[in-house]
Amino acid sequence: MTAQSLALDAFVFVLAVFIGFELITKVPPTLHTPLMSGTNFIHGIVLVGALSVAGVAGGTAGTVIAFCAVLLGTLNVVGGWVVTDRMLEMFKKRPEPKKEGE
Amino acid sequence: MTAQSLALDAFVFVLAVFIGFELITKVPPTLHTPLMSGTNFIHGIVLVGALSVAGVAGGTAGTVIAFCAVLLGTLNVVGGWVVTDRMLEMFKKRPEPKKEGE
Amino acid sequence: MNALLAVAEPVSTGAPAWATLGYLVTAGCFITGIKMLGSPATARRGNFIAGFGMLVALVVTLSQVATTDSMHFDWAVMGIAVLIGTAVGGFSARAVRMTAMPQMVALFNGMGAGAAALIGIDDFRTGLDGFIAFPGFSSNAEIISVLVSCFIGSLSFSGSVIAFGKLQELISGRAVTYPLQRPLNGLLLLAIIGLGAYIVVAPSIELLFIYIGITLLLGILFVIPVGGADMPVIISLLNSCTGLAAAATGFVLGNNGLIVSGALVGASGFILTQQMSKAMNRSLFNVLFGAFGQGAGQVASTTGAGGGTVRSTTSEDLAPLLAYSRLVIIVPGYGMAVARAQNDVKELADELERRGVEVKYAIHPVAGRMPGHMNVLLAEANVPYPQLREMDDINPEFARADVAIVIGANDVVNPAARNDPGSPIYGMPILNVDQAQTTVVLKRSMATGFAGVDNPLFYEPKTLMLFGDARASIVALTSEVKQQ
Amino acid sequence: MNALLAVAEPVSTGAPAWATLGYLVTAGCFITGIKMLGSPATARRGNFIAGFGMLVALVVTLSQVATTDSMHFDWAVMGIAVLIGTAVGGFSARAVRMTAMPQMVALFNGMGAGAAALIGIDDFRTGLDGFIAFPGFSSNAEIISVLVSCFIGSLSFSGSVIAFGKLQELISGRAVTYPLQRPLNGLLLLAIIGLGAYIVVAPSIELLFIYIGITLLLGILFVIPVGGADMPVIISLLNSCTGLAAAATGFVLGNNGLIVSGALVGASGFILTQQMSKAMNRSLFNVLFGAFGQGAGQVASTTGAGGGTVRSTTSEDLAPLLAYSRLVIIVPGYGMAVARAQNDVKELADELERRGVEVKYAIHPVAGRMPGHMNVLLAEANVPYPQLREMDDINPEFARADVAIVIGANDVVNPAARNDPGSPIYGMPILNVDQAQTTVVLKRSMATGFAGVDNPLFYEPKTLMLFGDARASIVALTSEVKQQ
Ligand SMILES: NC(=O)c1ccc[n+]([C@@H]2O[C@H](COP(=O)([O-])OP(=O)(O)OC[C@H]3O[C@@H](n4cnc5c(N)ncnc54)[C@H](OP(=O)(O)O)[C@@H]3O)[C@@H](O)[C@H]2O)c1
Ligand SMILES: NC(=O)c1ccc[n+]([C@@H]2O[C@H](COP(=O)([O-])OP(=O)(O)OC[C@H]3O[C@@H](n4cnc5c(N)ncnc54)[C@H](OP(=O)(O)O)[C@@H]3O)[C@@H](O)[C@H]2O)c1
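Protein sequences, first through last, are from chains R, F, X and A.
Here the first sequence is numbered in the working numbering, starting from 14 and rising by one per residue.
Here the second sequence is numbered in the working numbering, starting from 14 and rising by one per residue.
Here the third sequence is numbered in the working numbering, starting from 224 and rising by one per residue.
Here the fourth sequence is numbered in the working numbering, starting from 224 and rising by one per residue.
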């Protein structure tokens with residue numbers, strides 16, 4: 014990790030932070046929770062990191078750590094996405110239920 | 014220019030495009046012209062490019078091209094900034110002029 | 224390329240061009256996805272687009288793993304990890320009750336944070352020899368990146384687990400306070416910083432574990448004092464932190480995809496956190512350090528409207544009133560969530576509608592304990608979306624309502640917010656239930672709500688109290704109405 | 224760092240870390256600056272912040288030049304270029320009349336675009352030997368970057384110069400049309416692409432010059448057919464293009480500062496262009512290829528409200544009406560700009576106010592020929608800002624106005640936009656001058672305005688026409704009012 018590559022990484026980081034700040038303007042309160050959940054899914058991208066370190070370390074300890082990291086990352090990705098989707102399902106228009114029955 | 018550096022440049026480019034798109038939301042029409050002028054100033058940054066190529070080429074032709082590029086870039090920077098500033102001066106609150114005189 | 228230009232140009236980097244471009248697609252999808260999540264009409268599509276971006280990132284990464292000499296990558300073991308994760312994550316996310324959603328978000332957030340910390344540990348382990356053999360800028364920078372990702376990752380991990388425990392009521396949801404809370408946290412933070420600095424100078428895996436241990440403790444102590452009611456804000460904050468942890472692992476691994484995605488979540492999550500605390504009329508600082516939220520009692524006694532008389536009623540007396548109304552407005556609050564009464568409320572509403580009564584639901588933006596809480600619950604009970612009316616929309620209609628039924632709501636219908644400048648909730652917009660012909664309040668006692676302030680509404684002559692668990696009251700009321 | 228990770232990590236790039244961080248500061252300043260330029264309260268500060276960002280970028284670049292073996296950098300010559308540029312640019316930007324601002328923007332935009340093209344040429348010249356000696360991806364990519372920056376730069380350069388010429392009335396401001404316009408442009412574009420492809424295969428500086436020559440021609444032909452009235456939109460589009468040209472030079476030089484800043488301008492400029500054409504009720508496509516804008520006559524005859532009678536008046540007759548009004552609303556339009564009557568209008572208003580008449584100005588968002596045109600002119604004449612009222616604000620007040628004076632406005636007060644679904648401007652919001660007790664219209668003839676549609680307002684019984692140059696009419700009116 015050279016100073017140059019670090020500076021470039023910082024460059025990309027700051028640009029992304031600017032985007033993140035601009036992205037969310039006025040969100041209606043009902044969407045706060047789904048939006049939180051959606052971004053929760055997005056940081057599941059750590060799974061990418063977990064997979065790319067998984068091949069580096071050998072030995073039992075290395076494998077165990079990599080296994081745990083991949084497992085946790087997958088949980089974040091899959092769980093995060095499904096939870097968000099379920100929340101958002103609530104927002105889609107439903108056919109009006111029958112008024113007569115109970 | 015390797016494929017890798019090109020891809021990185023493209024990465025940065027696209028992020029910046031996203032920021033540019035997000036940045037301008039609903040601008041009141043009165044500010045359209047100053048905003049145009051302000052961004053006109055910003056692309057005066059080509060002056061940076063002009064200065065960094067200026068040292069590369071030797072010979073008369075090289076110097077002439079570099080001279081012209083730096084001159085044009087400077088015109089863009091200085092003229093662009095001053096024009097914008099003058100336009101925006103119009104928007105600041107003026108002391109109410111005297112009602113009595115003409 | 225020539226002399227000066229070579230200096231100004233980023234040359235050959237580690238990530239192959241196709242991987243960088245793949246991550247660029249991912250970043251684009253995430254940006255678009257987050258943007259679309261901000262509006263009801265596009266939210267669901269936004270989630271799909273973000274999902275697609277994730278898929279691209281995973282394909283890119285696995286291709287990289289497959290095409291490089293990644294000697295130790297054990298496809299079988301990692302495949303099992305992914306399978307287990309998918310099965311458990313997918314199943315639990317599908318199976319869980321709608322009302323338990325916030326704690327699920329907390330839990331999955333904790334998982335991601337834990338993964339970030341583990342990546343840091345792994346990188347530290349494999350890089351350790353190099354750090355010791357070649358000290359200098361490069362090693363230091365990498366160690367610091369690892370320390371940052373371990374710090375944020377562990378903090379967010381233990382914090383999220385505690386938040387989960389509180390919401391799931393495995394731990395007391397109350398705002399637990401303990402003596403010297405802030406000094407202790409400060410001390411721990413100092414210890415972490417000191418230890419971190421020492422690790423940079425003299426890298427050692429044991430010290431890293433101690434470092435992580437203290438951070439985990441700090442995460443626990445940080446979230447423990449926060450009242451259960453403030454949990455949505457805290458979870459959102461921890462979510463934003465995990466984003467930063469992911470970005471930190473991106474620095475460790477030199478991976479642009481991680482850096483961008485993590486930074487996006489970190490920044491947008493922070494803005495979201497602020498919006499959430501604003502929507503609850505609290506400042507972020509207050510949420511973090513206030514340990515308010517369970518203050519109840521004492522505030523009530525200072526406001527002391529206790530002098531008035533309260534008119535209590537029964538479901539038998541109430542039933543005819545409801546059955547022969549023209550317009551009934553239902554005002555759900557936190558108590559409905561506690562009593563899990565949403566399905567019974569729907570049943571009552573159906574019964575009333577069958578009798579020709581017009582029924583509407585008035586949804587206050589901060590009713591309940593998380594944003595959209597009431598919407599989610601009532602949607603679960605299949606209440607048609609158009610019947611759910613937002614505050615500004617429904618407020619003018621109370622004047623022509625015969626009955627307003629307040630089901631376990633308190634603060635959001637407190638007229639003190641409108642009239643009493645001395646009240647702690649003064650200035651918060653409320654639902655004008657007191658403008659209805661009759662207001663019926665269903666709750667278990669005269670206890671205060673979240674804000675801990677007494678409610679003059681209960682003492683108004685037009686108000687009838689129906690004491691008892693909201694669910695029991697509603698069920699009784701429905702059967703009485705049926706007999707009319 | 225270890226096996227796989229090394230692959231995923233961008234290693235050592237050309238630009239030193241401090242330069243990258245410096246450009247990051249620049250990018251941050253530009254982003255903040257553009258954001259602040261979007262709101263009246265912060266706009267001026269935004270321009271200062273952007274200026275600071277530019278300063279940082281220049282300091283970084285010069286430091287790089289100074290610290291590297293930039294053997295041919297001639298400080299004296301470049302210093303002279305900067306001095307001349309500063310003097311000329313600063314002086315002309317200060318000296319020019321407010322009304323000439325749009326053409327100044329066009330001119331400076333052209334300068335920047337020209338610089339971008341020159342940078343491309345320079346890089347191509349110095350790199351040429353390398354391109355020929357080492358063909359392959361690297362050379363091709365660099366040539367293509369050069370071609371892109373030369374293309375956008377030259378196009379925007381010649382286009383901007385033509386736009387300047389039109390606005391400055393050095394060239395006919397009319398929408399010049401010529402036969403086979405679109406096929407010819409298409410042909411030129413094809414030639415440029417073909418030639419570009421050939422240059423990639425067989426690099427040659429002569430071919431590059433031909434390539435640039437054709438592009439310059441295309442830029443001219445592209446802007447020539449656009450009517451002077453649409454110029455603001457075209458200038459904004461060219462501005463956005465120059466941003467992209469700057470970004471392209473960034474690719475050529477591998478300079479992140481240029482890439483980010485150029486991309487910012489390219490993207491935000493494009494959004495702005497769309498907003499501008501929307502504010503003028505035109506689609507961007509229409510502006511580019513419509514050559515509408517001077518269509519006048521024929522459209523008018525189809526609408527043909529010509530049958531009515533017109534009541535013409537004189538300044539003597541009008542003066543008492545104005546002098547004894549309570550509220551007079553002045554509605555300026557393009558004709559006031561043409562007549563340069565703003566100072567005289569202010570004088571008339573002052574005279575009326577001295578007599579106790581209340582005077583307001585109604586500013587239609589697209590009155591004139593550039594956004595904010597009327598604001599700028601009237602501000603130049605020192606009309607106090609609070610007297611300038613936006614359309615939605617002033618429209619309700621016309622009903623209580625005694626006189627509405629329409630000074631060289633036409634389309635923006637055309638009731639057909641409200642009443643006549645067949646009118647080309649139907650649906651555009653207008654100023655309701657016809658609701659005033661009396662409407663006075665100052666113009667030279669019965670000619671149509673920008674949109675070329677007849678105006679039924681002129682035939683209304685409550686409307687009085689005061690024919691003649693707006694400035695002459697106003698001056699006469701003022702002296703008559705003084706004699707009252
Ligand atoms: N929506 C959010 O995102 C969010 C997040 C955090 C905080 N808050 C805050 O939470 C409050 C929400 O207001 P709210 O009116 O919905 O709730 P509230 O003011 O907290 O009142 C809830 C009421 O429900 C009653 N209740 C509890 N369990 C019940 C049961 N089983 N049956 C019947 N009644 C029951 C309680 O009275 P008894 O004990 O007498 O039954 C209590 O007074 C606001 O102050 C808001 O700022 C909101
Ligand atoms: N604001 C912008 O950004 C912008 C940009 C492009 C296009 N536009 C379009 O321009 C139009 C603006 O409307 P507008 O009402 O301001 O102008 P307009 O509809 O173009 O009418 C201007 C009128 O001024 C009169 N005039 C010209 N010179 C004059 C002089 N010396 N003395 C007196 N009168 C004179 C002309 O009539 P005579 O010839 O009879 O004198 C003409 O009818 C809209 O259609 C808008 O869409 C606006």
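Quick reminder that beta carbons are idealized off the backbone N, C-alpha and C, glycines included.
### Segment limits, beta strand (DSSP E) that includes R/V95
It is not in any beta strand (DSSP E) - R/V95 instead sits in the alpha helix (DSSP H) that spans G72 to E102.
### Message
Distance check for X/M597 and X/M614, CA to CA, integer angstroms please.
### Response
13 Å
### Message
Can you check which of these residues, X/L411, X/L444 and X/S427, is closest to X/Y401 by C-alpha distance?
### Response
X/L444
### Query
So, A/N408 versus A/L441, is the Cβ gap smaller than 8 Å?
yes
### Task
Give the DSSP-derived three-state secondary structure of X/I458 in the structure shown.
Reduced to three states, the DSSP call for X/I458 is helix.
### Query
Are A/T465 and A/I342 close, meaning C-beta to C-beta below 8 Å?
no
#### Entry: Among X/S427, X/S381, X/L700 and X/L600, the one whose alpha carbon lies nearest that of X/I366
X/S427
### Query
Nearest-angstrom Cα distance between F/A63 and A/I437?
23 Å
### Message
With distance defined between alpha-carbon atoms, name the residue in R/V83, R/T15, R/F24 and R/V61 nearest to X/V305.
### Response
R/V83
### Reduced DSSP secondary structure (H/G/I, E/B, other) of A/M688
strand
### Query
Should X/D345 be labelled buried (16 or more other beta-carbon atoms within 10 Å of its own) or exposed?
buried
### Task
Please list the partners that R/A29 has in chain F, where partner means a Cβ-to-Cβ separation under 8 Å.
L28
#### Entry: Interface partners of X/V288 on chain R, CB under 8 Å
L64, S65, A67 and G68
### Query
Taking one C-beta from the segment 16-35 of chain R and one from the segment 236-245 of chain A each time, how about it: are there three or more such pairs within less than 8 Å?
yes
### Query
Using 8 Å as the threshold, is the segment 568-584 of chain X in touch with the segment 699-706 of chain X, meaning 3 or more CB pairs across them?
Yes, since at least three Cβ pairs between the segment 568-584 of chain X and the segment 699-706 of chain X fall closer than 8 Å, the two stretches touch.
### heavy atom of ligand 1 below 7 Å from X/Y682 C-beta
no
### Message
How far does the alpha helix (DSSP H) with F/K39 in it extend, from its first residue to its last?
### Response
Note, F/K39: premise wrong, no alpha helix (DSSP H); not H, not E.
#### Entry: Option in A/I617, A/F360 and A/E570 with minimal Cα separation from F/A16
A/F360
### Task
For F/I58, go through chain R and note every residue whose CB falls closer than 9 Å to its CB, in chain order.
For F/I58, none of the residues of chain R pass the 9 Å Cβ criterion, the least Cβ distance being about 15 Å.
### Query
Which full runs of the alpha helix (DSSP H) of 4+ residues lie inside the segment 324-409 of chain A, going along the chain?
You should have 324-356 and 360-390.
### Query
Where DSSP assigns a beta bridge to A/T661, which residues make up the other side?
Looking at the DSSP assignment, A/T661 forms a beta bridge with A/V626.
#### Entry: Coil, strand or helix - X/S548 by DSSP
DSSP places X/S548 in coil when its eight states are reduced to three.
### Query
Does the Cβ-Cβ distance between X/R641 and X/I653 come in under 8 Å?
The Cβ-Cβ distance between X/R641 and X/I653 falls below 8 Å.
### Query
Name the DSSP beta bridge partners of X/R612, please?
X/A585
### Task
On a CA-only basis, which of X/I458, X/G276 and X/S668 is nearest X/G333? Give me that one, please.
X/I458
### Task
Assuming X/S484 and X/F253 form a contact by the criterion Cβ under 8 Å, report the distance between their Cβ atoms to the nearest whole angstrom.
5 Å
### Message
Since A/V311 and F/L88 should fall inside the 8 Å C-beta cutoff, what is the C-beta to C-beta distance between them, to a whole number of angstroms?
### Response
6 Å
### Message
Does any residue of chain X have a CB that is nearer than 8 Å to the CB of F/A82?
### Response
no
### Message
Assuming X/T249 is part of the alpha helix (DSSP H), what are its boundary residues?
### Response
A240 to L260
### Task
List the residues of chain A that F/T73 touches, going by C-beta distances under 8 Å, in chain order.
Here the premise fails: no neighbours, minimum Cβ distance about 11 Å.
### Query
How many Å lie between A/A627 and F/H45 at the Cα?
Here the alpha carbons of F/H45 and A/A627 stand approximately 27 Å from one another.
### Task
Give me whichever residues DSSP pairs with A/I553 in a beta bridge.
Per DSSP, A/Y584 and A/I628.
### Task
Establish whether the CB of F/A79 and some CB of chain X are separated by less than 8 Å.
no
### Task
Locate the alpha helix (DSSP H) running through R/S50, then write down its first and last residues.
Per DSSP, R/S50 belongs to the alpha helix (DSSP H) from H45 to I55.
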